[in-house]
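Working notes, beginning with the structure itself.
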Ligand code: AMP
Ligand code: FES
Ligand code: ZN
């Protein structure tokens, strides 16, 4: 049996990449300390910032909201109701977000896609012939930003973890999608109507975040989104886990060394497409009409939901 390196109690986790075993009392302390260090190292949050956490009801974003509260950051939550009725997915995930809001005594804002655009995500996706996940991603990014701008939030925090980011990066590297790679970073600074975006959990694997959320006694939605058949990203995560198994620490160095050495060069070299206000809604976009307004246009003749 492994023992906690800090207090010699029975360990609940051994992190090979850090050669560190910790018990159920010490692990959350290590986790919070590491989160704080990530926030400081990457200059994610300044004292005057007003932070909005995008909470989906899953383990990552609920864990993030809780961790930020424990660290003394007065962050509010934003839940985007995607209107996914299969398996009661949206209703269930919303109720987990509401439970944590109550426990923290903090505000959870709720924005409904059906109310904002007349139709839920599955209908918007179908009408515009996009994959649900791609339509969903565009709608979420749009609503996070619009809500933050309209309500004076200066930072949007999401629960992306190392597994998410390394898998996305691997996909982009395999195709050498340099424009995507140039924009993949733990901090995307504010610019031209886009609010600053941060990912304070990039230092943790999916399992490490899950353990923190469970030890913090936060119930979360375990079921995957019924549309999330993003087989490629699951496959890349599995591949990276197998590499990590053979050579602990690889996942982090793959991600971090890219961030340290290559991302800044790429960002400078690629330049960024200029942003301008969308002709329809005024939100920043690189095209004349933004992706969300284009999707909305496909559903113009449909009967709005009540
Ligand atoms: P995903 O793209 O589903 O892996 O989610 C990545 C991050 O986006 C989560 O950790 C949340 O911070 C945020 N997020 C995803 N879905 C929602 C939602 N419906 N409402 C608010 N935030 C969300
Ligand atoms: Fe967006 Fe599943 S969460 S399509
Ligand atoms: Zn628009």
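Numbering (the numbering used here), first residue to last: 144 to 449. For each residue, glycine too, the CB sits at the ideal point set by N, CA and C. Please read these numbers as outputs of a predicted model, since none were measured by experiment.
Next item on the list: Following the continuous beta strand (DSSP E) through residue 224, name the residue where it begins and the one where it ends.
Entry: Translated into the one-based positions of the chain shown, residue 224 becomes position 81. From DSSP, the beta strand (DSSP E) with residue 224 extends over 219-224.
Margin query: Can you tell me whether residue 197 sits near the ligand AMP, meaning its C-beta is under 7 Å from at least one heavy atom of the ligand?
Written below: Here residue 197 refers to the residue found at position 54 of the chain shown. Result yes, Cβ under 7 Å from the ligand AMP.
Next item on the list: Taking only heavy atoms of the ligand ZN into account, decide whether any of them is closer than 7 Å to the Cβ of residue 438.
Entry: For this step, residue 438 is matched to residue 295 along the chain shown. Result no, Cβ not under 7 Å from the ligand ZN.
Next item on the list: May I have a chain-ordered list of the alpha helix (DSSP H) segments no shorter than 4 residues that lie completely inside the segment 373-443?
Entry: Within the segment 373-443, complete alpha helix (DSSP H) segments of at least 4 residues are found at 374-389, 393-400, 406-413, 434-441, given in chain order.
Check: Would you say residue 327 and residue 406 are within 8 Å of each other, going by their C-beta atoms?
Finding: The residue labelled residue 327 in the question sits at position 184 within the chain shown. The residue labelled residue 406 in the question sits at position 263 within the chain shown. Yes, these two residues count as a Cβ contact at 8 Å.
Item checked: C-alpha gap between residue 150 and residue 161, whole angstroms -> What you label residue 150 is simply residue 7 of the chain shown in a count that begins at 1. What you label residue 161 is simply residue 18 of the chain shown in a count that begins at 1. Rounded to whole angstroms, the separation of the alpha carbons of residue 161 and residue 150 is 17 Å.
Note to self: Could you check whether residue 244 and residue 220 sit closer than 8 Å to each other, using their CB atoms as the reference points?
What the structure shows: Numbered from its first residue, the chain shown carries residue 220 at position 77. Numbered from its first residue, the chain shown carries residue 244 at position 101. Yes, Cβ-Cβ distance for residue 220 and residue 244 is below 8 Å.
Next item on the list: Measuring alpha carbon to alpha carbon, tell me which of 158, 227, 298 ends up nearest residue 367.
Entry: As a first step, residue 367 must be located in the chain shown, where it is residue number 224. Check the Cα spacing between residue 367 and each of 158, 227, 298: the tightest is with 227.
Item checked: Given 8 Å, three or more beta-carbon pairs between the segment 188-200 and the segment 299-306 -> Segment contact: the segment 188-200 against the segment 299-306, three or more CB-CB distances shorter than 8 Å; contact assigned.
Checklist line | alpha helix (DSSP H) segments (min. 4 residues) lying fully within the segment 339-364 | finding: Those alpha helix (DSSP H) runs which fall completely within the segment 339-364 and span 4+ residues are 349-358.
Checklist line | Beta-carbon separation (whole angstroms), residue 176 vs residue 212, contact threshold 8 Å | finding: In the chain shown, the residue the question calls residue 176 occupies position 33. In the chain shown, the residue the question calls residue 212 occupies position 69. The pair is not a contact, with the Cβ atoms about 15 Å apart (cut-off 8 Å).
Notebook entry, point to check: Can residue 292 be considered in contact with the ligand AMP, in the sense that its beta carbon sits closer than 7 Å to one or more heavy atoms?
Noted result: The sequence position of residue 292 within the chain shown is 149, counting from 1. Placement of the Cβ of residue 292 at a distance of 7 Å or more from every heavy atom of the ligand AMP is found.
Notebook entry, point to check: Do you know how far the Cα of residue 200 is from the Cα of residue 182?
Noted result: Within the chain shown, the letter at position 39 stands for residue 182. Within the chain shown, the letter at position 57 stands for residue 200. Within the model, the alpha-carbon separation for residue 182 versus residue 200 is close to 22 Å.
Notebook entry, point to check: Does the Cβ-Cβ distance between residue 379 and residue 310 come in under 8 Å?
Noted result: Position 236 of the chain shown, counted from the first residue, corresponds to residue 379. Position 167 of the chain shown, counted from the first residue, corresponds to residue 310. Note that the C-beta distance between residue 379 and residue 310 is below 8 Å.
Check: Should residue 262 be labelled buried (16 or more other beta-carbon atoms within 10 Å of its own) or exposed?
Finding: On the chain shown, residue 262 is found 119 positions in, with the first residue counted as 1. Looking at its Cβ environment, which holds 16 or more other Cβ atoms inside 10 Å, residue 262 is buried.
Notebook entry, point to check: Applying the criterion that 16 or more other CB atoms from any shown protein chain within 10 Å of the CB defines a buried residue, is residue 403 buried or exposed?
Noted result: Position 260 of the chain shown holds residue 403. Residue environment for residue 403: exposed (fewer than 16 other C-beta atoms within 10 angstroms of its C-beta).
Check: Measuring from the CB of residue 352, is there a heavy atom of the ligand AMP at a distance below 7 Å?
Finding: The residue labelled residue 352 in the question sits at position 209 within the chain shown. Residue 352: no, Cβ never under 7 Å from the ligand AMP.
Margin query: Under 8 Å, with one C-beta from each stretch per pair, do the segment 313-327 and the segment 375-391 reach the 3-pair mark?
Written below: Taking one beta carbon from each stretch, the segment 313-327 and the segment 375-391 have 3 or more pairs nearer than 8 Å; the two touch.
Item checked: Whole-number beta carbon distance between residue 254 and residue 264, since they are thought to touch under 8 Å -> As a position in the chain shown, residue 264 is number 121, starting the count at 1. As a position in the chain shown, residue 254 is number 111, starting the count at 1. With a Cβ gap of about 12 Å, residue 264 and residue 254 do not count as contacting.
Margin query: Please tell me whether, using a cut-off of 7 Å, the distance from the CB of residue 275 to the nearest non-hydrogen atom of the ligand FES is below it.
Written below: Position 132 of the chain shown, counting from 1, holds the residue named residue 275. At least one heavy atom of the ligand FES falls within 7 Å of the beta-carbon of residue 275.
Next item on the list: Express the C-alpha separation of residue 252 and residue 165 in angstroms, rounding to a whole number.
Entry: As a first step, residue 165 must be located in the chain shown, where it is residue number 22. As a first step, residue 252 must be located in the chain shown, where it is residue number 109. C-alpha separation (whole angstroms): 36 Å.
Next item on the list: Using DSSP bridges, identify the partner residues of residue 154.
Entry: The residue you call residue 154 lines up with position 11 of the chain shown. Residue pairing for residue 154: DSSP places it in a beta bridge opposite 166.
Check: So is residue 396 buried or exposed if we call it buried at 16+ other beta carbons inside 10 Å?
Finding: If you number the chain shown from 1, residue 396 lands on position 253. Looking at its Cβ environment, which holds fewer than 16 other Cβ atoms inside 10 Å, residue 396 is exposed.
Next item on the list: Would you give the residue range spanned by the beta strand (DSSP E) that residue 292 belongs to?
Entry: Taking the first residue of the chain shown as position 1, residue 292 is located at position 149. In the DSSP assignment, residue 292 falls outside any beta strand (DSSP E) and within the unbroken alpha helix (DSSP H) covering 275-294.
Checklist line | Identified DSSP bridge partners for residue 251 | finding: As a position in the chain shown, residue 251 is number 108, starting the count at 1. BP columns for residue 251 point to 220.
Margin query: For residue 371 and residue 270, I'd like the C-alpha separation in whole angstroms.
Written below: Along the chain shown, read from residue 1 onward, the residue named residue 371 stands at position 228. Along the chain shown, read from residue 1 onward, the residue named residue 270 stands at position 127. Cα atoms of residue 371 and residue 270: separation of roughly 18 Å, rounded to the nearest angstrom.
Margin query: Quick check: does the Cβ of residue 428 come within less than 7 Å of any heavy atom belonging to the ligand ZN?
Written below: Counting from 1 along the chain shown, the entry for residue 428 is found at position 285. Checking every heavy atom of the ligand ZN against the Cβ of residue 428, one is found closer than 7 Å.
Check: Cα separation between residue 409 and residue 323?
Finding: Numbered from its first residue, the chain shown carries residue 409 at position 266. Numbered from its first residue, the chain shown carries residue 323 at position 180. Distance between the alpha carbons of residue 409 and residue 323 is about 10 Å.
Check: Who are the near neighbours of residue 353 in its chain, counting only those whose CB is closer than 6 Å to its CB and skipping five residues on each side?
Finding: Within the chain shown, numbered from 1, the residue matching residue 353 stands at position 210. Setting aside the 5 residues that flank it on each side, residue 353 is surrounded in the same chain by 202, each with a C-beta closer than 6 Å to its C-beta; the list follows chain order.
Notebook entry, point to check: In this structure, does DSSP put residue 313 in helix, strand or coil?
Noted result: Sequence index remark: in the chain shown, residue 313 carries index 170 (1-based). In the three-state reduction of the DSSP assignment, residue 313 falls in the helix class.
Check: Roughly how many angstroms separate the alpha carbons of residue 305 and residue 423, rounded to a whole number?
Finding: Along the chain shown, one-based indexing puts residue 305 at 162. Along the chain shown, one-based indexing puts residue 423 at 280. Cα-Cα distance, rounded: 36 Å.
Next item on the list: Tell me whether residue 299 sits in a helix, a strand or coil according to DSSP, three-state version.
Entry: Along the chain shown, read from residue 1 onward, the residue named residue 299 stands at position 156. It is a strand residue.
Next item on the list: State buried or exposed for residue 275, treating a residue as buried only when at least 16 other CB atoms are found within 10 Å of its CB.
Entry: Within the chain shown, the letter at position 132 stands for residue 275. Buried is the label assigned to residue 275, since at least 16 other Cβ atoms lie within 10 Å of its Cβ.
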